[in-house]
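>
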Amino acid sequence: MDAQTTGQTYVRISRVGKVYPSPRGDVTALADIDLDVRSGEFLSVVGPSGCGKSTLLKTVAGLEAVSSGQISVRGAPVKGPPDRLGVVFQRDVLLDWRTILDNVLLSAEFQGLKRAHVEGRAKELLKRFGLGGFENRHPWELSGGMRQRASICRALLSDPELLLMDEPFGALDAMTRDDLNVELTRIWQDSAHGQRKTVLFITHSIVEAVYLSDRVVMMSRAPGRIVDVIDIDLPRPRPLSVRETPRFGELTAKIRHHFAELGILKE
Amino acid sequence: MFKRLLAESRTRDALVIVVASLFIWEACVELFAPSPLILPAPSAIFAEFWSSPWVFIRHSGYTLAVTAAGFAIAVALGVVLAVAIVYSRFLERTIYTLLVALNSIPKVALAPLFVIWLGTGTEPKVSVAVMLAIFPIVIDTVLGLRSVDPDMLSLARVSKASPWQVLFKIRFPCALPSLFAGMKVAISFALVGAIVGEFVAGGTGLGFQILVAQGQFDTPRVFVSLLLLSLMGTVLFYLVDFAERLCLPWHVSQRPHAGGAGG
Numbered sequence: 000m001d002a003q004t005t006g007q008t009y010v011r012i013s014r015v016g017k018v019y020p021s022p023r024g025d026v027t028a029l030a031d032i033d034l035d036v037r038s039g040e041f042l043s044v045v046g047p048s049g050c051g052k053s054t055l056l057k058t059v060a061g062l063e064a065v066s067s068g069q070i071s072v073r074g075a076p077v078k079g080p081p082d083r084l085g086v087v088f089q090r091d092v093l094l095d096w097r098t099i100l101d102n103v104l105l106s107a108e109f110q111g112l113k114r115a116h117v118e119g120r121a122k123e124l125l126k127r128f129g130l131g132g133f134e135n136r137h138p139w140e141l142s143g144g145m146r147q148r149a150s151i152c153r154a155l156l157s158d159p160e161l162l163l164m165d166e167p168f169g170a171l172d173a174m175t176r177d178d179l180n181v182e183l184t185r186i187w188q189d190s191a192h193g194q195r196k197t198v199l200f201i202t203h204s205i206v207e208a209v210y211l212s213d214r215v216v217m218m219s220r221a222p223g224r225i226v227d228v229i230d231i232d233l234p235r236p237r238p239l240s241v242r243e244t245p246r247f248g249e250l251t252a253k254i255r256h257h258f259a260e261l262g263i264l265k266e
Numbered sequence: 000m001f002k003r004l005l006a007e008s009r010t011r012d013a014l015v016i017v018v019a020s021l022f023i024w025e026a027c028v029e030l031f032a033p034s035p036l037i038l039p040a041p042s043a044i045f046a047e048f049w050s051s052p053w054v055f056i057r058h059s060g061y062t063l064a065v066t067a068a069g070f071a072i073a074v075a076l077g078v079v080l081a082v083a084i085v086y087s088r089f090l091e092r093t094i095y096t097l098l099v100a101l102n103s104i105p106k107v108a109l110a111p112l113f114v115i116w117l118g119t120g121t122e123p124k125v126s127v128a129v130m131l132a133i134f135p136i137v138i139d140t141v142l143g144l145r146s147v148d149p150d151m152l153s154l155a156r157v158s159k160a161s162p163w164q165v166l167f168k169i170r171f172p173c174a175l176p177s178l179f180a181g182m183k184v185a186i187s188f189a190l191v192g193a194i195v196g197e198f199v200a201g202g203t204g205l206g207f208q209i210l211v212a213q214g215q216f217d218t219p220r221v222f223v224s225l226l227l228l229s230l231m232g233t234v235l236f237y238l239v240d241f242a243e244r245l246c247l248p249w250h251v252s253q254r255p256h257a258g259g260a261g262g
């Protein structure tokens, strides 16, 4: 296990519950969630549809209020979106009337940063994600994978400390997804130790969660609760072929069995 | 510009259809010889126009000015109202409901009221044009402003965007395709409004021309006015269409090989 990833707590989720009132009775999306995300850690949350994992991400992002309990980021309670935060959604939500470069610069524009200061960084990011030369294209001229790459660049532009990713590759085909898994780990890994971003990654793919993460959080549904947290002790850097190693197989099998025991997956 | 228009097969086809129907019309009048009071031949209609072209052009100009003014006011006012409706639950419940109620009254029936309020000048005609044109603008713009992806709005919140930035950088551009759809309907409605206004009270405009010619059983004159009206309506519609192409090169309907509206 990478010693550097066991840093201080960056996000602390304590006894968090989320209840949506509805005419046919309240719906409990999250129940009694306790989780610490450590600084510089890549943490994935995996679970079936409707287990509240996206809700969990939204509460950490300050986009939705919790019904009970508390979330704090860097020790401060979350009341609205915290500073130094980047978010990537399943849909890339790029603006069709803007070029790729202008889309990447959008958040910086909102934050009132001077274009001249961030344009160089935006172009460099695009180049690192294989989008060099596409700066002046429009989103609709690009493939789904390229669009999602651009939306990751947009989230990374302001150099966030915390990156929240809500099933970012869920809508992509399997090969593009593998590509992006490799690119994401490479870029996350490239930062010097101690400067690595803290990543909270939501996915419904066990393989993706194990491949990317330092720890995998398993959630079950109705109500959404944490059933297990599994340390992923695969060495880094991880080539894609790590997925063929026995240890990788053991880890995914362990998670799958656990879901099967809970009746969430059939064996 | 004109050459390019002609080069477009759609324009060429349209011209062929218009010219062909005029010929058939002429032939039918020759063949069946109806009373000129009922149906004059196209040649007689053109002759009527050529006997006093400037009179027709002056009246057309007036109607055009009323239509353009009514349309412009409807767009400006309609967009402001739509923004207000989208941003305020209170205004949504009040203005929006009022607007729907107002729209269900046949607005032609309201025109005499505008004459009582505003006299017989240009103001009541512009007002009727605005009243007719504003409804599609408001409805479509509200729809457009609301059709923003919720994730996009979340992203704006995370990036600490101000409400004005969200309006001008996200919501408004996102609403433009709907606004243009509303404008295409509204431009024709504004022309209808102008004519209705001229019918009810006035001394200028193609609507007034039609009314006077009808009183004199001058059918060719009625037809000249009608043809000028349809020409005006068509040109105005395609002007909005052209503006849309200029403003929304990024929209699905404008993309090359996207099918649909492409010509």
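Protein chains in written order, with numbering that gives the first Met the number 0: chain A, 0 to 266; chain B, 0 to 262.
Note that beta-carbon positions come from the ideal geometry of N, C-alpha and C, so glycine has one too.
In this text the structure is predicted, and so the values were computed from the model without any measurement.
(1) Please report whether the beta-carbon of D1(A) lies at a distance below 9 Å from any beta-carbon of chain B.
(2) According to DSSP, is G85(A) helix, strand or coil?
(3) Against R156(B), what residues of chain A qualify as contacts under a CB-to-CB distance less than 7 Å, listed in chain order?
(4) For the candidate residues G196(B), E29(B), R220(B) and P172(B), whose alpha-carbon lies nearest to that of C246(B)?
(5) According to DSSP, is F222(B) helix, strand or coil?
(6) Can you check which of these residues, A19(B), P105(B) and I37(B), is closest to Q213(B) by C-alpha distance?
(7) By the criterion of Cβ-Cβ separation under 8 Å, what are the contact partners of M151(B) in chain A?
(8) Within its chain, find whatever has a CB closer than 6 Å to the CB of I16(B); leave out the 5 residues flanking it on each side and keep chain order.
(9) Would K17(A) be called buried (16 or more neighbouring beta carbons within 10 Å of its own) or exposed?
(10) On a CA-only basis, which of I133(B), S59(B), V65(B) and S224(B) is nearest I94(B)? Give me that one, please.
(11) Just to confirm my understanding: we take P311(A), look at its own chain, exclude 5 residues before and 5 after, and list those with CB closer than 6 Å. What are they?
(12) Within a Cβ cutoff of 6 Å, which residues of the same chain sit near F88(A), ignoring the five residues on either side of it in sequence?
(13) When the cut-off is 9 Å and only beta carbons count, does L142(B) lie next to chain A?
(14) Could you have a look at R268(A) and say whether DSSP puts it in helix, strand or coil?
(15) Secondary structure at I225(A), three-state DSSP: helix, strand or coil?
(16) Does any residue of chain A bring its CB to less than 9 Å from the CB of D148(B)?
(17) Run through the stretch 125-211 of chain B for me and flag every whole alpha helix (DSSP H) of 4 or more residues, listed as ranges in chain order.
(18) L143(B) and L178(B) look like a contact to me (Cβ under 8 Å); what is the Cβ gap, rounded to whole Å?
(19) Alpha carbon to alpha carbon, what distance is there between P81(A) and P149(B)?
(20) Please classify T233(B): does DSSP put it in a helix, a strand, or coil?
(21) Check each candidate in R242(A), R220(A) and D35(A) and name the one with the smallest Cα separation from S48(A).
(22) At least one CB of chain B closer than 9 Å to the CB of H137(A): is that the case?
(23) Our contact map puts R14(A) next to G79(A) with C-beta atoms below 8 Å; I'd like the distance itself, whole angstroms only.
(24) On the three-state DSSP scale, how would you describe D165(A)?
(25) Which residue or residues does DSSP assign as beta-bridge partners of Q7(A)?
(26) Residues in the stretch 187-221 of chain A with C-beta within 8 Å of chain B's C-beta atoms, listed in sequence order?
(27) Under the DSSP definition of a beta bridge, which residues are partnered with A75(A)?
(28) Nearest by alpha-carbon distance to P238(A): which of E118(A), T184(A) and G169(A) is it?
(29) Looking only at its chain, what residues have a beta carbon closer than 6 Å to the beta carbon of P176(A), apart from the 5 residues adjacent to it on each side?
(30) Alpha carbon to alpha carbon, what distance is there between S43(A) and Q3(A)?
(31) Could you tell me whether any Cβ in chain B is nearer than 9 Å to the Cβ of Q110(A)?
(32) Is it true that the CB of G223(A) sits closer than 9 Å to the CB of A28(A)?
(33) Quick one: residues in its chain with C-beta nearer than 7 Å to the C-beta of L238(B), no 5 flanking neighbours on either side, listed in chain order?
(34) Closest to E197(B) by CA distance: which of L152(B), S158(B), V147(B) and V125(B) is it?
(35) Which class does V79(B) belong to by DSSP, given the choice of helix, strand or coil?
(36) Are there 16 or more other CB atoms within 10 angstroms of the CB of I56(B), so buried, or fewer, so exposed?
Reading off the structure:
(1) Here residue 1(A) corresponds to residue number 2 of the first sequence, with the count starting at 1. Only weak support is given to the placement of D1(A): the predicted model assigns it a pLDDT of 42, under 50, and the question is left unresolved by the model.
(2) Numbered from its first residue, the first sequence carries residue 85(A) at position 86. Strand, per DSSP.
(3) As a first step, residue 156(B) is located in the second sequence; it is residue number 157 there, counting from the start. Per Cβ cutoff of 7 Å: L62 and P80.
(4) In the second sequence, residue 246(B) corresponds to position 247, counting from 1. Cα-wise, what sits closest to C246(B) is P172(B).
(5) Reading the second sequence from its first residue, position 223 is the one you call residue 222(B). F222(B) sits in a helix when the DSSP states are folded into three classes.
(6) As a first step, residue 213(B) must be located in the second sequence, where it is residue number 214. The residue with the shortest Cα to Cα distance from Q213(B) is I37(B).
(7) Taking the first residue of the second sequence as position 1, residue 151(B) is located at position 152. Result: V92 and L94.
(8) As a working note, residue 16(B) is residue 17 in the second sequence. No residues qualify anywhere along the chain.
(9) On the first sequence, position 18 is the one that residue 17(A) refers to. It is buried - the Cβ of K17(A) has at least 16 other Cβ atoms within 10 Å.
(10) Indexing the second sequence from 1 puts residue 94(B) at position 95. The shortest Cα separation from I94(B) among I133(B), S59(B), V65(B) and S224(B) belongs to I133(B).
(11) Limits of chain A in this structure are 0 at one end and 266 at the other, which puts residue 311(A) out of reach.
(12) Stepping through the first sequence from its first residue, residue 88(A) is reached at position 89. Close CB contacts of F88(A) within its chain, under the 6 Å cut and outside five residues either way in sequence, are with D165 (chain order).
(13) Numbered from 1 along the second sequence, position 143 holds the residue referred to as residue 142(B). No, because no Cβ of chain A sits closer than 9 Å to the Cβ of L142(B).
(14) What is shown of chain A runs 0 to 266, which leaves residue 268(A) out entirely.
(15) Here residue 225(A) is taken as the residue at index 226 of the first sequence, counted from 1. I225(A) falls in the strand class under three-state DSSP.
(16) As a first step, residue 148(B) is located in the second sequence; it is residue number 149 there, counting from the start. D148(B) counts as touching chain A.
(17) 149-157 and 171-199
(18) What you label residue 143(B) is simply residue 144 of the second sequence in a count that begins at 1. What you label residue 178(B) is simply residue 179 of the second sequence in a count that begins at 1. The residue you asked about is not Leu; residue 143(B) is Gly in the sequence shown. At roughly 6 Å, the Cβ-Cβ gap stays under 8 Å, so G143(B) and L178(B) are in contact.
(19) On the second sequence, position 150 is the one that residue 149(B) refers to. On the first sequence, position 82 is the one that residue 81(A) refers to. The alpha-carbon of P149(B) is positioned some 19 Å away from that of P81(A).
(20) As a working note, residue 233(B) is residue 234 in the second sequence. Helix at T233(B).
(21) The count along the first sequence starts at 1 and reaches residue 48(A) at position 49. Put simply, of R242(A), R220(A) and D35(A) the residue whose alpha carbon is nearest the alpha carbon of S48(A) is R220(A).
(22) By one-based count along the first sequence, residue 137(A) stands at place 138. H137(A) counts as touching chain B.
(23) Taking the first residue of the first sequence as position 1, residue 14(A) is located at position 15. Taking the first residue of the first sequence as position 1, residue 79(A) is located at position 80. With a Cβ gap of about 21 Å, R14(A) and G79(A) do not count as contacting.
(24) Taking the first sequence and counting its residues from 1, one reaches residue 165(A) at position 166. Strand at D165(A).
(25) Counted from its first residue, the first sequence places residue 7(A) at position 8. Answer is none; Q7(A) lacks a bridge partner.
(26) none
(27) Looking up residue 75(A) in the first sequence gives position 76. Note: A75(A) sits in a beta bridge opposite V72(A).
(28) For this step, residue 238(A) is matched to residue 239 along the first sequence. P238(A) has its Cα closest to that of T184(A), out of E118(A), T184(A) and G169(A).
(29) The residue labelled residue 176(A) in the question sits at position 177 within the first sequence. Residue identity differs from the one stated: residue 176(A) is Arg in this sequence, not Pro. Contacts found: F168.
(30) Your numbering for residue 3(A) matches position 4 in the first sequence. Your numbering for residue 43(A) matches position 44 in the first sequence. Low confidence applies here, because Q3(A) scores a pLDDT of 44, under 50, leaving its location unreliable and the question unanswered by this model.
(31) Counting from one through the first sequence, the residue named residue 110(A) turns up at place 111. Cβ-Cβ to chain B under 9 Å: yes for Q110(A).
(32) Looking up residue 28(A) in the first sequence gives position 29. Looking up residue 223(A) in the first sequence gives position 224. Closer than 9 Å, so yes.
(33) On the second sequence, residue 238(B) is found 239 positions in, with the first residue counted as 1. There are no such residues.
(34) Here the question's residue 197(B) lines up with position 198 in the second sequence. Of L152(B), S158(B), V147(B) and V125(B), the residue nearest in Cα terms is V125(B).
(35) Taking the second sequence and counting its residues from 1, the one referred to as residue 79(B) is at position 80. If DSSP states are grouped into helix, strand and coil, V79(B) belongs with the helices.
(36) Indexing the second sequence from 1 puts residue 56(B) at position 57. Looking at its Cβ environment, which holds fewer than 16 other Cβ atoms inside 10 Å, I56(B) is exposed.
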